[in-house]
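Visitor:
Residue numbers (my numbering), protein chains in the order written: chain A, 6 to 428; chain B, 6 to 428.
(1) Using a Cβ-Cβ cut-off of 6 Å (strictly less than) and excluding sequence neighbours within five positions of residue 20/A, which residues of its own chain qualify?
(2) For residue 116/B, go through chain A and note every residue whose CB falls closer than 8 Å to its CB, in chain order.
(3) Need the endpoints of the beta strand (DSSP E) that residue 34/A sits in, please.
(4) From the DSSP output, in three-state form, read off residue 136/B for me.
(5) Taking buried to mean at least 16 other C-beta atoms within 10 Å of its own C-beta, is residue 249/B buried or exposed?
(6) Quick check on DSSP: helix, strand or coil for residue 339/B?
(7) I'd like to know whether the C-beta atoms of residue 268/A and residue 297/A end up nearer to each other than 7 Å.
(8) For residue 170/B, tell me which candidate among 24/B, 401/B and 52/B has the shortest Cα-Cα distance.
(9) Would you call residue 185/A buried or exposed, if buried means 16 or more other Cβ atoms sit within 10 Å of its Cβ?
(10) Closest Cβ-Cβ distance between residue 80/A and chain B: below 7 Å?
(11) Answer with yes or no whether the minimum CB distance from residue 137/A to chain B is below 7 Å.
(12) Suppose only complete runs of 4+ residues qualify. What are the alpha helix (DSSP H) ranges in the region 107-195 of chain A, listed by chain order?
(13) So, helix, strand or coil for residue 16/B, using DSSP?
(14) With a cut-off of 8 Å, do at least 3 Cβ pairs link the region 276-288 of chain A to the region 350-363 of chain A?
(15) Going by other Cβ atoms of all chains shown within 10 Å of its Cβ, with 16 needed for buried, is residue 308/B buried or exposed?
(16) Report yes if the C-beta distance between residue 3/B and residue 425/B is below 7 Å; otherwise report no.
(17) Between which two residues does the alpha helix (DSSP H) containing residue 62/A stretch?
(18) Considering only residues of the same chain and omitting the five flanking positions on each side of residue 376/B, which have a CB-CB separation below 6 Å?
(19) Starting from the C-beta of residue 3/A, find all residues in its chain whose C-beta is less than 7 Å away, skip the five residues before and the five after it, and write them out in chain order.
(20) Please classify residue 123/A as buried or exposed, where buried requires at least 16 neighbouring CB atoms within 10 angstroms.
(21) Go ahead and pull the three-state DSSP assignment for residue 489/A.
(22) Counting only beta-carbon separations shorter than 7 Å, does residue 385/B have a partner in chain A?
(23) With which residues is residue 30/A paired in a DSSP beta bridge?
(24) So does the region 332-346 of chain B actually touch the region 150-157 of chain B, counting three or more Cβ pairs closer than 8 Å?
(25) Note down, in chain order, all residues in the region 267-285 of chain B with a beta-carbon under 8 Å from any beta-carbon belonging to chain A.
(26) Identify which residue in 192/A, 131/A, 193/A and 243/A has its Cα closest to the Cα of residue 211/A.
(27) Under a three-way DSSP split, which group does residue 9/A fall into?
(28) What would DSSP say about residue 370/B, mapped onto helix, strand or coil?
(29) Residues of chain A with CB under 7 Å from residue 131/B, in chain order?
(30) Which two residues bound the contiguous beta strand (DSSP E) that contains residue 251/A?
(31) What's the C-alpha gap between residue 196/A and residue 57/A?
(32) Please tell me whether residue 143/A has its Cβ less than 7 Å away from any Cβ of chain B.
(33) Are residue 40/B and residue 14/B touching if we call contact CB-CB under 7 Å?
(34) Could you tell me the alpha carbon to alpha carbon distance between residue 74/B and residue 334/B, rounded to whole angstroms?
(35) Would you mind stating whether residue 364/A and residue 386/A have Cβ atoms separated by less than 7 Å?
(36) Could you give the first and the last residue of the continuous alpha helix (DSSP H) run that contains residue 50/A?
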């Protein structure tokens, strides 16, 4: 059967390295929510979403209203989400470092969290993989990129003695070393560097070092809107022909459009186009060439396919964004990506930065930088309930309730404001 | 099981009244194709599409390549259709009286014909209605409009002695009488008049007579692009506040944009936006306010939902177009429409003009102008094989192989050219 009898939302925390970005630094613990939707025959569907306080409270508000709902009735799920947490006008999208936490994405974000669990259930109930429910694979494996960060060797202000295996990454040589380490382990065939941290010229030195060390590898840099239009324009000649695409160099649709006007490189975004509502303005202004999808805030796996249709229609490229996440999200991302023919770039993932896992079998294996999409019913991943207990215990103990990279950075530098664009 | 073992495409013909339009007059027989896809357990899925020679030959080319395909694998179906009939560049969309026959719609049109049969099978195999496979109903019944035509009492040049029950419709009084007849029988709660036939002022007299006879009923007129921009502008003041929307008054995106610029009435189209490929230009030029969807050439039921997302995103209205069709198409249209919240206008249908039927139980009943969407698995309609034999025999005998309203009109008026805009 297929009627929802209970919904359980479990917040978890897992260790996150001290990764640097435009806004500050990752805290020692990253938060996620694990969503279990159980139907009347005891089958459960899994999903994973943000774990910040606001999302948790919204998930908890919707959860009890889903009891009695047929898991095929996604349109009713959407109405329930809209009615329960959809109050208020969407905020205007400016530049969003964390699109999963802004008001404009509330309805698609909360809908997506449940939609994935419903799809997992629909798959289990019909003996079909989630990607078959999305029309079936157009590719057997989904390529991801090596997602590099500048970082410190360890969290200076954490009680936890954990030290990650990636060491300090502050110089171009460090960046190349960490790329080698990650590519050796995962086999990635393209590279993204999270920028917006140091002087842009320094970061471009790292890009040039990567170009030299990895000839033929597509390269990207993502300054998270931390470069002014003037700065970006000054740097364009150094990047042109070197990068596969330039991600969010400057903040907002107008700034991106100004850059776009003079750039021969494709411009990508997950900051100034974070939902369907951003398209009319972004297309009118010709702000971007490539959209970084993310089912977690775009409204789920089917919405990601609709996004694919819009990108096909307006001849925009389509890639995929990531936050810190576990294997449930990774498989959901892979199922969607496997079914969208024009999602033709390697997807982003933070997955290598996490050591912990909440699914049976531990960390998902990569083959040559790609994830093989399972043919098993649903998402093809099962919850490791012992691991869930431990990670839920982490959440209780860690004291973090909402991601705040700015506040964490203030511990290192009390003058830090996170103001952007800084360069 | 779910593997395709055979595909049967049967062309049929059924009687069509002498309906007048911008291009000429309907021939005595309308053509359709009935598509049966059979899987390895003997289950069959149904669909209905165009019956013109070109579509039939394209369906026949694709059909044998579907043997062995899993009916859940719609993305593979799309690839096969693209590879088999997708050669050549799409033609430029100008003004299309019959979007289902132009080259630009070949791939979506042929894909849609099979997609509906595959969805019917997926529904039967999982015990789910097609609308549940599309996320479930947002409305229990789908409203349609009374779709009025100017017409002659009978086909003057047909051997067939058949005379339809609608009589001659040439004057405003006739139009009101036929509206009453149709609304009495079907309960429709909005009215569309196919225009572009007589002098625009005459047709607007009919609209005014309808307004008087049916106060409160939303009214539409569709001149099929047969009015020049100048003519449309002259007529706008007479229509403003009277029409729910004005459908394709003038031909093409530029002409529609010129009208749009000065119209306070919504402009609708199924002629200058007939596929996703038309959106960038139509939105840039602000040519239209309402898109008339049609899964038969937009690429199927899922594509109609994607179209819904685009309309939601750009704040366009969404309605539904129709050609002469049988009950399989009517139910497919209703299943899609039942799942799309922003498909908020009554849909068009030619269904009342047809007396014959190819499904078990005969003509589908309307309740207060609406079709109730079945909860039965799949589309919820079964093929009447005796009726299919008769209609296939009609096809063999009727001699018509492609719709040609212009040639038919030349029999009445040898000077007829069908050139447009005529007014």
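By construction, the Cβ of each residue, glycine as well, lies at the ideal position given by its N, Cα and C atoms.
Guide: Working from what's here:
(1) These residues qualify, in order along the chain: 167.
(2) Residue 116/B does not reach chain A, its nearest Cβ partner there being about 11 Å away, counting only Cβ pairs nearer than 8 Å.
(3) Judged by DSSP secondary structure, residue 34/A falls within the beta strand (DSSP E) whose first and last residues are 34-44.
(4) Looking at residue 136/B - three-state DSSP - the assignment turns out to be helix.
(5) Counting the other Cβ atoms within 10 Å of the Cβ of residue 249/B gives 16 or more, which makes it buried.
(6) If DSSP states are grouped into helix, strand and coil, residue 339/B belongs with the helices.
(7) No.
(8) Looking only at 24/B, 401/B and 52/B, the smallest Cα-Cα distance to residue 170/B is reached by 24/B.
(9) Label assigned to residue 185/A: exposed.
(10) Judged by the 7 Å Cβ criterion, residue 80/A is in contact with chain B.
(11) Under the Cβ distance rule, residue 137/A counts among the residues neighbouring chain B, one pair being separated by less than 7 Å.
(12) Here the runs fully enclosed are 111-131, 135-138 and 177-191.
(13) Judged by DSSP in its simplified three-state form, residue 16/B adopts strand.
(14) Between the region 276-288 of chain A and the region 350-363 of chain A, the count of Cβ pairs shorter than 8 Å is below three; the stretches do not touch.
(15) Residue 308/B should be labelled buried.
(16) Coverage of chain B is limited to positions 6 through 428, which leaves residue 3/B absent and any answer about it impossible.
(17) 58-67 is the span of the alpha helix (DSSP H), which, as asked, contains residue 62/A.
(18) Excluding its 5 nearest sequence neighbours in each direction, residue 376/B has C-beta neighbours in its own chain below 6 Å: 147 and 339, listed in chain order.
(19) No answer is possible for residue 3/A: it lies beyond the span of chain A, which begins at 6 and ends at 428.
(20) So residue 123/A counts as buried.
(21) Given a span of 6 to 428 for chain A in the structure shown, any question on residue 489/A remains unanswerable.
(22) Not an interface residue.
(23) In the DSSP secondary-structure assignment, residue 30/A is bridged to 25/A.
(24) The region 150-157 of chain B and the region 332-346 of chain B do not touch, with fewer than three beta-carbon pairs separated by less than 8 Å.
(25) If the cut-off is 8 Å between Cβ atoms, the region 267-285 of chain B has 281, 282, 284 and 285 near chain A.
(26) Minimum Cα distance to residue 211/A is reached at 243/A.
(27) Three-state result, residue 9/A: strand.
(28) In the structure shown, residue 370/B sits in coil (DSSP, three-state: anything other than H, G, I, E or B).
(29) Within chain A, the residues near residue 131/B are 131.
(30) Counting along the chain, residue 251/A sits inside the beta strand (DSSP E) bounded by residues 250-252.
(31) Taking the straight line from one Cα to the other gives about 29 Å.
(32) At a cut-off of 7 Å between C-beta atoms, residue 143/A counts as an interface residue with respect to chain B.
(33) Taking the C-beta atoms as reference points, residue 14/B is found nearer than 7 Å to residue 40/B.
(34) Going from the Cα of residue 74/B to the Cα of residue 334/B covers about 23 Å.
(35) Taking 7 Å as the Cβ cut-off, residue 364/A and residue 386/A qualify as a contacting pair.
(36) Not the alpha helix (DSSP H): residue 50/A falls in the beta strand (DSSP E), residues 49-55.
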